[in-house]
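First up is the structure itself, then whatever we jot down about it.
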Amino acid sequence: ARILTDLAAARWGTGQADAARADLDRALALLPAGETIPERAWILEGKARFLLLQGRYEEARDAGEEALGAADAAGGEGTKSGVLSRLGLARFFHGEFERGIEEMRESLELARRAGSNDEIATVFLNYADALHLGGRTEEGLELAERGCRETTPGDRSEIWLDCLRSELTVAA
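Okay, structure coming up:
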């Protein structure tokens, strides 16, 4: 299953979105049926992320809800942070703003506890972008600026936050 998830990431990076999702589906099929394992949540989170990035928001929301159930069952806070971040953003695009905000707030707290710079930056990006797209650009900009202060300087996460901060500064 791990090899297939790595293959999915590689395919996604080369523009083979449908093949990447198929790889994740194959990886899920290899997992023991009915067992509560963190890998299931992690693979489902990847599926939700790919669907979200393709603009398939309803499917992303559904996959995110399935991933959240798997993450809760497996007890993986690190995975749950990523799931809530993607699920919250999918909810924003689906018009469920308040629920999306709640999930992103929880996601940020979990990411902070886990200490993953990449995940913290991803949550800030998704959350700030969602606020902007929901007509709350000033709040989104404040959040993006906070994200720049809270993430470790010098890695790729910082670049994404700087780009979003620039975009929101122009839009504000």
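Quick note: the sequence shown, position 71, residue 75 per my numbering, numbers continuous. Using N, Cα and C, we set each Cβ at its ideal position, and we do this for glycine too.
Collapsed DSSP secondary structure at residue i in the structure displayed
i	result
R65	helix
I105	helix
P42	helix
R15	helix
D10	helix
A74	helix
L93	helix
D29	helix
Cβ-Cβ distance between residue i and residue j below 9 Å
i	j	result
L165	T155	yes
Y61	A94	yes
A78	R53	no
A5	R15	no
A67	L57	no
Sequence-distant residues of its chain with Cβ nearer than 8 Å to residue i (five each side left out)
i	result
I124	L112, A115, R116, G151, E154, T155 and S161
L35	A5, I41, E43, R44 and I47
L172	A132, H136, T141, G144, L145 and A148
Cβ-based neighbour list, residue i, same chain, cut-off 6 Å, excluding 5 preceding and 5 following
i	result
L8	D27, R30 and A31
A175	T141
A12	A24, D27 and L28
Neighbourhood of residue i by C-beta distance below 7 Å, restricted to the same chain and skipping five residues each side
i	result
F96	G104, A134, L137 and G138
Distance cut-off 8 Å: residue i Cβ against heavy atoms of the ligand MG
i	result
I7	Questions concerning the ligand MG fall outside what the structure shown contains, since it holds no ligand whatsoever.
Worksheet entry | Whole runs of the beta strand (DSSP E) within the segment 107-140, excluding any shorter than 3 residues | Contiguous beta strand (DSSP E) elements confined to the segment 107-140 do not occur, taking only those with 3 or more residues.
Fill in: Contact between the segment 84-91 and the segment 103-114 (3+ Cβ pairs under 8 Å)
Verdict: yes, contact present.
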